[in-house]
Amino acid sequence: MLPMERAKASFEVARMSEALYGGADAVKRRRFIMMPAAQLLYPEKHEWTREELMKRSIDDFINIHKDFVQEGYRPQRDEVSWMGEIAGNTGSMMPHYGLFLPTIVGQGSPEQVATWLPRALNFEIIGCYAQTELAHGSAIRALQTQAVYDVETGEFILDTPTLGAMKWWNSNIGCVATHAAVYAQLIVQGKEYGLHVFMVQVRDENHHCLPGIELGDCGRKLGDNAIDTGYMRLRGVRIPREHMFSKRQYVTRDGQYKRRVSTGGDSGKASALAKRASYLTMVQARAGMTSLSAGKLAAACTVAVRYSCVRVQGFADTSEGQSYRSAENQVIEYQIQRSRLFKQVAICYAMRASGSWMNEAVRKLSDVANKSDATMPEIHASSAGLKGLCTKLSADGMEDLRKCCGGHGFLLNSGIGSMATDFVWQVSAEGDWVVLLLQTARYLMNARRAALRGEQVSGLAACLEPLRDPLFKISSARPSTPQAVEDLLNLDLLLQYFQYRTLAATTKVGERLDAKMSKGMSFEAAWNACAVGLKRAAESHIYYFMLRNFVEVIRTQQDEHVVPVLERLCALFAVQNMVAGELWSGLLPEDLIDLAEEAEAQLLDALRPDAVALVDAFDIPDRVLNSTIGRSDGRVYEALYESARDSPLNQGKGKVPFEGYEEVLAPHLDKEFLKLRNKLCPSLADDQRDAKL
Numbered sequence: 002m003l004p005m006e007r008a009k010a011s012f013e014v015a016r017m018s019e020a021l022y023g024g025a026d027a028v029k030r031r032r033f034i035m036m037p038a039a040q041l042l043y044p045e046k047h048e049w050t051r052e053e054l055m056k057r058s059i060d061d062f063i064n065i066h067k068d069f070v071q072e073g074y075r076p077q078r079d080e081v082s083w084m085g086e087i088a089g090n091t092g093s094m095m096p097h098y099g100l101f102l103p104t105i106v107g108q109g110s111p112e113q114v115a116t117w118l119p120r121a122l123n124f125e126i127i128g129c130y131a132q133t134e135l136a137h138g139s140a141i142r143a144l145q146t147q148a149v150y151d152v153e154t155g156e157f158i159l160d161t162p163t164l165g166a167m168k169w170w171n172s173n174i175g176c177v178a179t180h181a182a183v184y185a186q187l188i189v190q191g192k193e194y195g196l197h198v199f200m201v202q203v204r205d206e207n208h209h210c211l212p213g214i215e216l217g218d219c220g221r222k223l224g225d226n227a228i229d230t231g232y233m234r235l236r237g238v239r240i241p242r243e244h245m246f247s248k249r250q251y252v253t254r255d256g257q258y259k260r261r262v263s264t265g266g267d268s269g270k271a272s273a274l275a276k277r278a279s280y281l282t283m284v285q286a287r288a289g290m291t292s293l294s295a296g297k298l299a300a301a302c303t304v305a306v307r308y309s310c311v312r313v314q315g316f317a318d319t320s321e322g323q324s325y326r327s328a329e330n331q332v333i334e335y336q337i338q339r340s341r342l343f344k345q346v347a348i349c350y351a352m353r354a355s356g357s358w359m360n361e362a363v364r365k366l367s368d369v370a371n372k373s374d375a376t377m378p379e380i381h382a383s384s385a386g387l388k389g390l391c392t393k394l395s396a397d398g399m400e401d402l403r404k405c406c407g408g409h410g411f412l413l414n415s416g417i418g419s420m421a422t423d424f425v426w427q428v429s430a431e432g433d434w435v436v437l438l439l440q441t442a443r444y445l446m447n448a449r450r451a452a453l454r455g456e457q458v459s460g461l462a463a464c465l466e467p468l469r470d471p472l473f474k475i476s477s478a479r480p481s482t483p484q485a486v487e488d489l490l491n492l493d494l495l496l497q498y499f500q501y502r503t504l505a506a507t508t509k510v511g512e513r514l515d516a517k518m519s520k521g522m523s524f525e526a527a528w529n530a531c532a533v534g535l536k537r538a539a540e541s542h543i544y545y546f547m548l549r550n551f552v553e554v555i556r557t558q559q560d561e562h563v564v565p566v567l568e569r570l571c572a573l574f575a576v577q578n579m580v581a582g583e584l585w586s587g588l589l590p591e592d593l594i595d596l597a598e599e600a601e602a603q604l605l606d607a608l609r610p611d612a613v614a615l616v617d618a619f620d621i622p623d624r625v626l627n628s629t630i631g632r633s634d635g636r637v638y639e640a641l642y643e644s645a646r647d648s649p650l651n652q653g654k655g656k657v658p659f660e661g662y663e664e665v666l667a668p669h670l671d672k673e674f675l676k677l678r679n680k681l682c683p684s685l686a687d688d689q690r691d692a693k694l
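Position 330 (the sequence shown) corresponds to 331 in the working numbering; numbering is contiguous.
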């Protein structure tokens, strides 16, 4: 069926891939990244033990990347994201590349980079990003790990003074890492200088823990068990003074804390840069997670859409007297199935646009990190909100797509179930999604106050510009009411409505926040009392931001066949959000909701012929999907049968039925009754039966 589905497409898949990934050159680079892993086919992966998962993931990653490194290749930000998306076998090396290396580059002095980076790139040392603690996660300022400078020896003494201070949930520290970038409170001659990062060797040449260091794995997780997520306790561990990351600050031999002054700058500016530098690695990680959310959801969409086109269920002709052999409907022909599938495809395309924007913003931020920090608050706020909402949408989307695949989706060999469980931890990693949205809300509240003072607001907060008008009222900000379904397909009008929602939510919660503080409530208490509304404002704004990025991508496209499909998909992203109504309470009249529901129905029908082509454009090879039901050739039932036959429980035929059979089941069976056997009527040979699938 899939060849027939592909023949219905209204655009060239290659052109859509270029729109998704930023042009023909980007598609070529992405395929270049994929090439070395093309032969890594592991259909049996779902039966592997945790030890096998770790072993294969490490072996594959090093063998693939070492050749690139030795040839002098250095991946760009988007390429690192692609590596994570297309990794059929994630594992401990991804945090090494995705978190540890950026820390060296972003926070190390030239001498430190020269010492550590080549070794890390060549896998001569393996690094861990050790920030989170057992008792502290998102509130990084409250981390308890200490680094006390000993002026007599010229060393830092690292210690996790309490049980809650131990490093926890750090990827690849359990078994694999030799070094860790440890976040700790710097204390010099009794004075606290806040969080700094230290390079700490944790294992020796025999891979044994060094004295004073306790390392371990946290145990099996819901998913992503190829990564040895672990813990670390430090007891009086001494490291050289030169092992404090010192791109922007350092401690002298005699115990003086110094900030490096940029050329043409001053110490105050250097101090501000140093404070923000500690966030850069985290911002990079969150940007990567935004892109990863799109990539992983794309894989789940690919499986679910293809399967929904292959699977048939329910007679096309429901009149009485029809034979059981009568033609059946493809599952995708049911509107409710299309609504669920295309919702996730549209979200995925919107995420891809925002992920590309985020990677480019981080690249620019890294380029000017030593010159200006003016954009840091905006990038920090957008990375927090995008990471938070996109990981949540992706995790929820993958789970609903699994349900769209019925019972077969519950099998691990379907691929889609493990996609969801392997990804879901990302919703909490580097900051829980709600906590991150509240960081975005803080930025919005600051921008609101600036606008109310008449100051110009731009970038992420440009949608709050109307607040500069002293006469501004929310009631007068509502866009024109659409009169027909066609009006709701206008992307500019949809953008206006999403901006209006952000304005309304921000104004409403901002006024409530101000009112509580005017009555004597502290800012912290008022913030906590308004947290639900603040989260809604931030969520509304990130949706607007995603829609805006999607529209901007569409406006850069030239292909006359690609643009209309992207416009439909973008409109569906917006319209389905409006119909859901969660963040629109009191903002949309009933007539508009009726129009939105009709617009959704029309868009679902219009996008139907392009269903398979839209997911083919994600350009995800079968080896990455590793799915019996999402194969590009559509041979779903053959794959399910072959995988079932290969199950370890089916390899003992003719011997003991299963381990423990003689002890727990055989004594209870009536073996005399079981001797009354069926008889075989070989009306069809096995090969003839298989041909009728």
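Heads up, the beta-carbon is just placed ideally off N, CA and C, and yes, glycines get one too.
- Annotation for A527: the continuous alpha helix (DSSP H) segment containing it runs F524 to A530.
- Assignment of beta-bridge partners to V238 by DSSP yields L159.
- With 16 or more other CB atoms across the displayed protein chains lying within 10 angstroms of its CB, S309 is buried.
- Taking the Cα of S82 as reference, the smallest distance to any Cα among A185, I59, L293 and K365 is reached at L293.
- Within the model, the alpha-carbon separation for S139 versus A328 is close to 55 Å.
- Following the DSSP letters along the chain, one finds H180 inside the beta strand (DSSP E) bounded by residues H180 to V189.
- Looking only at A385, G389 and A362, the smallest Cα-Cα distance to T376 is reached by A362.
- Selection E540, E243 and E112 evaluated against L387 yields E540 as nearest (Cα-Cα).
- Two segments are said to touch when three or more pairs of C-beta atoms, one from each, lie closer than 8 Å; by this definition the stretch 23-34 touches the stretch 66-84.
- A residue is called buried once 16 or more other Cβ atoms fall within 10 Å of its Cβ, and F499 is buried on that count.
- A distance below 8 Å between beta-carbons, with the five flanking residues on each side excluded, links R16 to the following residues of its chain, in chain order: D560, H562 and V563.
- Going by C-alpha positions, E664 is about 19 Å away from L675.
- Restricted to the stretch 323-355, the beta strand (DSSP E) segments that are unbroken, complete and at least 3 residues in length are 329-331, listed in chain order.
- Shown here for K393: same chain residues with a beta carbon closer than 8 Å to its own, the five before and five after excluded, namely V428 and W434 in chain order.
- The beta carbons of F659 and L650 sit closer together than 8 Å.
- Its chain contains K259 as the residues whose beta carbon lies nearer than 7 Å to that of T253, once the 5 sequence neighbours on both sides are disregarded; these appear in chain order.
- In the DSSP annotation of this structure, the continuous segment of the beta strand (DSSP E) that includes C129 starts and ends at G128 to A131.
- The C-beta distance from I475 to L453 rounds to 14 Å, too long to fall under 8 Å, and the pair is not in contact.
- As a beta-bridge residue in DSSP terms, A148 pairs with L159 and L187.
- The beta carbon of V554 lies closer than 6 Å to those of A354 in the same chain, with the five residues before and after it left out.
- Measuring C-alpha to C-alpha distances from V346 to each of A614, E13 and P668 identifies A614 as the nearest.
- Residue pairing for K672: DSSP places it in no beta bridge.
- Contact annotation, D225 with V177: C-beta distance approximately 14 Å; criterion of less than 8 Å not satisfied.
- Of the candidates A572, K520 and R142, the residue whose Cα lies closest to the Cα of L492 is A572.
- Contact between E156 and R239 is confirmed by a C-beta separation of about 5 Å, below the 8 Å threshold.
- Under the three-state reduction of DSSP, I174 is assigned to coil, being neither helix nor strand.
- The C-alpha of S320 lies about 38 Å from the C-alpha of L413.
- In the DSSP assignment, V435 is bridged to no other residue.
- Linking H97 to P4 through their CA atoms gives a straight-line distance of about 41 Å.
- L548 places its beta carbon 8 Å or farther from that of G398.
- Rounded to whole angstroms, the Cβ separation of H137 and Q145 is 7 Å, and the two are in contact under 8 Å.
- Taking 8 Å as the cut-off, the beta carbon of V304 is found closer than this to the beta carbon of I417.
- Per the C-alpha coordinates, the member of E466, R341 and L604 positioned closest to K404 is R341.
- In the structure shown, the three-state DSSP call for Y258 is strand.
- Taking every protein chain shown into account, the CB of E583 has fewer than 16 other CB atoms within 10 angstroms, so this residue is exposed.
- In this structure, the beta-carbon distance from G85 to G296 falls below 8 Å.
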